[in-house]
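Presented below is the structure to which this report refers.
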Amino acid sequence: MSAQERALTDLARLLDRLEVPYMIIGGMANAVWGEPRATVDIDATVWIAEDEIEARVPQITAAFEALVPEPVRFIVDTRVLPLSSHEGVRVDLIFGLLPFEEEAIRRAVVVPVAGVPVRFCTAEDLILHKITSERDRDLSDARGIVLRRLHELDLDYLEPRVAELSRHLERPEIRERWEAWKRVGRRRTSSE
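Each residue of the sequence shown is one higher than the last, beginning at 2 in our numbering.
Structure (structure tokens):
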């Protein structure tokens with residue numbers, strides 16, 4: 002097992018033991034749903050009530066080293082807690098705040114990693130996380146998932162959320178990007 006897999010399974014066990022709802026996102030989730038690419042860090046969204054953060058942080062930092070001097074204050078300011086495993090693997094805990102994040106965590110699916118159940122965001126929710134990004138890598142990841150799994154995606158879930166994001170963010174290119182990816186995905190599927 003690699004240091005990254007150990008950090009991932011240690012994190013999953015810890016969050017399960019603490020009964021903290023979570024989902025793995027980012028490059029690790031992309032390896033499950035899209036085109037695997039090299040990634041060295043772990044990104045996870047957690048759902049912890051505001052009044053529980055102060056009590057939960059010491060439980061988390063007992064197992065993973067906080068990379069900031071005042072973790073609770075940093076979370077309040079940024080909604081992120083940067084951590085390191087004992088082997089030096091970077092772990093970013095994103096403290097969910099939006100209803101979309103809470104729903105995505107509830108929808109997360111269990112994927113065994115080295116025999117340990119780990120909760121990953123769904124392919125649909127990973128697309129929603131990445132489609133609004135302006136980073137080429139994120140857009141490439143989202144496009145790769147659509148092209149690879151279009152026939153498996155829950156379009157009834159995805160379509161209205163893509164439209165809502167596009168409207169809410171006043172970024173019509175999000176919807177246009179989505180429609181273009183679907184067209185390419187359908188052509189690819191019909192030619193196979």
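Glycine residues also receive a C-beta, built at the ideal position from the N, C-alpha and C atoms.
**Message:** For Thr46, report the span of its beta strand (DSSP E) as first-last.
**Reply:** Ile43 to Val47
**Item:** For Glu66: DSSP bridge partner residues
**Value:** Note: Glu66 sits in a beta bridge opposite Ser85.
**Item:** Three-state class that DSSP yields for Val110 in the structure shown
**Value:** strand
**Request:** Mind checking which residues open and close the alpha helix (DSSP H) that includes Leu15?
**Result:** Ala4 to Arg18
**Prompt:** Taking Cβ positions, are Ala13 and Val119 nearer each other than 8 Å?
**Reply:** yes
**Asked** Exposed or buried, Pro37, counting other C-beta atoms within 10 Å across all chains shown (16 or more means buried)?
**Response** exposed
**Message:** Taking the alpha carbon of Ala1 as the reference point, which residue from Pro22, Leu16 and Ser141 has its own alpha carbon closest?
**Reply:** Within the shown structure, residues of the chain are numbered from 2 to 193, placing residue 1 beyond reach of any answer.
**Request:** Reducing DSSP to helix, strand and coil, say where Arg80 ends up.
**Result:** The three-state reading of DSSP puts Arg80 in coil, since its state is none of H, G, I, E or B.
**Residue burial classification, Gln5 (beta-carbon count within 10 angstroms, cutoff 16)** = Result: buried.
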